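The sequence shown begins at 359 in my numbering and counts up one residue at a time. This report refers to the structure that appears directly beneath it.
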Amino acid sequence: MDSAIDLILEQLHTWYINFWSTFPNLIAAILFLLVYILFFRWFKRALVRLLEKTIDYNPVYKLIVNISYVTIITIGLLIALGILKLDGTVNKLLAGAGIIGLGISFAFQDIIANIFSGAYITMKQVFRVGDYIESNGIFGSVKGIKLRSIAINNLDGQEVLIPSRLILQHPLTNYSTTGTRRVVVKVGISYGEDLEKVQKVVLEAVSSVEDRLKDKPIEFFFTEFGESSINLMCRYWIKYDREPDYKHSLSEAIMKIKAAFNENDITIPFPIRTLDFGIKGGKQLSETILQIKSDNPDEK
């Protein structure tokens, strides 16, 4: 009985000695945490003010704030444990956190990549809601910018979700950045047409397009000798806010060019091979037959 009591008293004495030997470190750790809490509160207010001025997208705002809070708190706790001379515990915690973090990063690497890609897109303002963009073979207006994906309404009315990391990994075209867009009209004409006349007619027709920007010139080019036509291209600029603006202007230009061709007897050949005995610069087959008969009156 006495030996058991002696063992208990000895253990209590050991704890008592250890407590007073670590007491200064405990006081230092507590004082450090008090100062660190004051620093954390100042840092929190400063971070919130900074993010409110630079980021207007709430999910990204919350993500940065939460990551910053966890990082600052973790650093403070590790320093406090170091003051208490619990270095072994700190090393074990860091090793365990590293292993866990490595496993999580492998398991959720796509999700993590999408989250950080979405945050980058938002902070850099690569595009905004309402912009018309084309990426990964998808064209449409941006409906929403989320951390993990970008929502796009295509021209058929469906909502398409593209992972944020794919937006950064592949080429992106933003049609709304400059507020203007070039309209390209291509058409083919018959080989028998007067090319200078065709150029004049097309330029006059396109110049009357309602939405054309008058401060930018109209460009006209003959592009190639096709199988059944001489092909040309006419380009002009419009103010671009929505995709219907582009489609409407292109449709108007096509209608005006077709009407001008009809008025000036300019032919748009069908994309087939035909025997045209009445091509401009040639003779009608009937005229050739009459001439042969007049040259040989004895033949029936």
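From the three backbone atoms N, C-alpha and C, an ideal C-beta is built for every residue, glycine too. Here the structure is a predicted model, which means the values were calculated and not measured.
Backbone secondary structure at V560 - three-state DSSP: For the purposes of this step, residue 560 is taken as residue 202 along the sequence shown, with counting starting at 1. Three-state DSSP puts V560 in a helix.
Does E551 pass the burial test, meaning 16 or more other C-beta atoms within 10 Å, or should it be called exposed? Within the sequence shown, residue 551 is the residue found at index 193, counting from 1. Classification for E551: buried.
At which residue ranges does the segment 534-584 contain complete alpha helix (DSSP H) runs of 4 or more residues, listed in the order of the chain? List check, alpha helix (DSSP H) in window: 553-565.
From V564, M613, G584 and L408, residue whose alpha carbon lies closest to that of R593: Residue 593 sits at position 235 when you count from the first residue of the sequence shown. If we check each option's Cα against that of R593, V564 comes out closest.
Is it the case that the Cβ atoms of I596 and D573 are separated by a distance below 8 Å? Locating residue 596 in the sequence shown gives position 238, where the first residue counts as 1. Locating residue 573 in the sequence shown gives position 215, where the first residue counts as 1. It is not a contact, given that the beta carbons lie outside the stated cut-off.
Among all the DSSP beta bridges, which residues are the ones paired with F497? Position 139 of the sequence shown holds residue 497. BP columns for F497 point to E492.
Determine, using beta-carbon pairs with one atom in the segment 554-562 and one in the segment 520-533, whether at least three such pairs fall under 8 Å. No, the segment 554-562 is not in contact with the segment 520-533.
Length of the line joining the Cα atoms of F303 and K504: Given that the chain is displayed from residue 359 to residue 658, the structure contains no residue 303 and the question cannot be resolved.
In terms of alpha-carbon separation, which member of N383, N494 and L392 lies closest to G440? Here residue 440 is taken as the residue at index 82 of the sequence shown, counted from 1. Closest option to G440, Cα to Cα, is N383.
At the level of alpha carbons, what is the spacing between P529 and E492? The residue given as residue 529 occupies position 171 in the sequence shown. The residue given as residue 492 occupies position 134 in the sequence shown. Taking the Cα positions, P529 is about 8 Å away from E492.
Taking the Cβ atom as the reference point for each residue, do L590 and I547 lie within a distance shorter than 8 Å? On the sequence shown, residue 590 is found 232 positions in, with the first residue counted as 1. On the sequence shown, residue 547 is found 189 positions in, with the first residue counted as 1. Taking 8 Å as the Cβ cut-off, L590 and I547 qualify as a contacting pair.
Does G357 come out as helix, strand or coil in the three-state DSSP assignment? Absent from the structure is residue 357, since the part of the chain shown begins at 359 and ends at 658.
In whole angstroms, what separates the C-alpha of I469 from that of A477? Here residue 469 corresponds to residue number 111 of the sequence shown, with the count starting at 1. Here residue 477 corresponds to residue number 119 of the sequence shown, with the count starting at 1. Going by the C-alpha atoms only, they are around 12 Å apart.
Return the Cβ separation of I430 and F401 in integer angstroms, given the expectation that the two are a contact with Cβ distance under 8 Å. Indexing the sequence shown from 1 puts residue 430 at position 72. Indexing the sequence shown from 1 puts residue 401 at position 43. So it is a contact: roughly 6 Å between Cβ atoms.
Taking only the alpha-carbon atoms, compute the straight-line gap between L513 and E601 and give it to the nearest angstrom. Translated into positions along the sequence shown, residue 513 becomes position 155. Translated into positions along the sequence shown, residue 601 becomes position 243. If you take the alpha carbons of L513 and E601, they lie about 8 Å apart.
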